[in-house]
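In full-length UniProt numbering, the protein residues as written are 1 to 337. Since the structure comes first, as structure tokens, the remarks are kept for the end.
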């Protein structure tokens, strides 16, 4: 049987009860692409009330027992419609996307997470989760491999420490623009942590040292958020000392994002050239103190570098140095005007 169209697939389960079971058992993801609104010439109006949509969502969770991926983004709160005597569900869900679910309190988020003990991937972007919520997440889902927490303004190093100590298989973590994190919570993190986005945090020198303590980082994004950098000096602009620490502590580093890090001077660029032998991609757009000698040090030292992203204006490199790099390492530099 060939189910080529969306209508064919949707009507498949209506044919008979056996086919309905087949459909239920093979439904692996549940997404709401457009929330619950529809546009007409008068603007937006709901197809269904928030309460009824929440009820429908819960019924679908009960129905699809083999879900692997679930997104609740933009949906009304469903916690009030799941009770202790409700049918079991969620035992196979691996990926949960709760980004921008600001309708949930910290404890409600923790309750939702408890429904899905096999999670390996969770997104909590711009939610109200706190350290207590992260502790609950870590205790419930010790096999987590990917956690996205950008713009979670209530979490601190304590919550990050809970997460990293309990989830020893964690590979990818984003804490971008988490303004109460200094980095010290990373102390003793597992070698498995290979991918970290931490731009826009309140990183300290001690925090930088803790971040590299695991020694397994391969991808590191420290791009300074422009809107945060302009607000207060408390948001550390990654400097030379930080780069020296990172280059010494991350021998496996392959991708490094330093765009808009304006305080990295010559010794920092030299450290990258001397220590980051596995580096393949480097983003230095907006690094105003990148100079000729720093560029040369990376050209000579980073033998595996395949992509260098740099802008023509926001640095201290001469046109001669830029052209010399391009001749020595053809095809590597991506120069933006």
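Quick reminder that beta carbons are idealized off the backbone N, C-alpha and C, glycines included.
Query: Neighbourhood of residue 127 by C-beta distance below 8 Å, restricted to the same chain and skipping five residues each side; Result: 98, 99, 100, 101, 102, 104, 109, 152
Query: Nearest candidate by alpha-carbon position, reference residue 52, set 63, 29, 71, 80; Result: 80
Query: Residue 324: CB within 6 Å of a non-hydrogen atom of the ligand SAM; Result: Although the ligand SAM was asked about, the structure shown includes no ligands whatsoever.
Query: Proximity winner among 30, 183, 272, 178, relative to residue 164 (alpha-carbon distances); Result: 183
Query: Secondary structure of residue 245, DSSP reduced to three states; Result: helix
Query: Residue ranges of each alpha helix (DSSP H) within the segment 64-114, 4 or longer; Result: 106-114
Query: Euclidean distance between Cα positions of residue 55 and residue 71; Result: 15 Å
Query: Buried or exposed by the 16-neighbour rule on C-beta atoms within 10 Å, applied to residue 334; Result: exposed
Query: Per DSSP, the bridge partner or partners of residue 307; Result: 281
Query: Beta-carbon spacing of residue 135, residue 162 below 7 Å; Result: yes
Query: C-alpha gap between residue 205 and residue 308, whole angstroms; Result: 26 Å
Query: Of the residues 284, 299, 295, the one placed nearest residue 311, counting alpha carbons only; Result: 284
Query: Residue environment, residue 270, which counts as buried when at least 16 other CB atoms sit within 10 Å; Result: buried
Query: Between the CA atoms of residue 58 and residue 197 - distance to the nearest angstrom; Result: 33 Å
Query: C-beta atoms of residue 122 and residue 82 nearer than 7 Å; Result: no
Query: Bridge partner(s) assigned by DSSP for residue 335; Result: 310
Query: Classification of residue 131 by the beta-carbon crowding that lies within 10 angstroms, buried from 16 upward; Result: buried
Query: Own chain, CB closer than 6 Å to residue 154, minus 5 neighbours either side, in chain order; Result: 130
Query: Helix, strand or coil at residue 212 according to DSSP, with G and I counted as helix; Result: coil
Query: Residue 131 - DSSP class collapsed to helix/strand/coil; Result: helix
Query: Straight-line gap, residue 279 to residue 49 (C-alpha atoms, nearest Å); Result: 52 Å
Query: Three-state secondary structure assigned by DSSP to residue 257; Result: strand
Query: Assigned exposure category for residue 64 - 16 Cβ within 10 Å defines buried; Result: buried
Query: Residue 66 burial status per 10 Å Cβ neighbour count (16 or more: buried); Result: exposed
Query: Pairwise C-alpha distance: residue 267 and residue 35; Result: At residue 35, the pLDDT of 45 sits below 50, so the modelled position is not reliable; the number obtained from the coordinates is stated separately. C-alpha separation (whole angstroms): 50 Å.
Query: Alpha-carbon spacing of residue 303 relative to residue 276, whole angstroms; Result: 9 Å
Query: Residue 239, enclosing beta strand (DSSP E) - first and last residue; Result: Note, residue 239: premise wrong, no beta strand (DSSP E); not H, not E.
Query: Whole-angstrom distance between residue 214 and residue 272, CA atom to CA atom; Result: 19 Å
Query: Which of helix, strand or coil DSSP assigns to residue 264; Result: coil
Query: For residue 175, the nearest candidate out of 185, 193, 186, 201 (CA to CA); Result: 201
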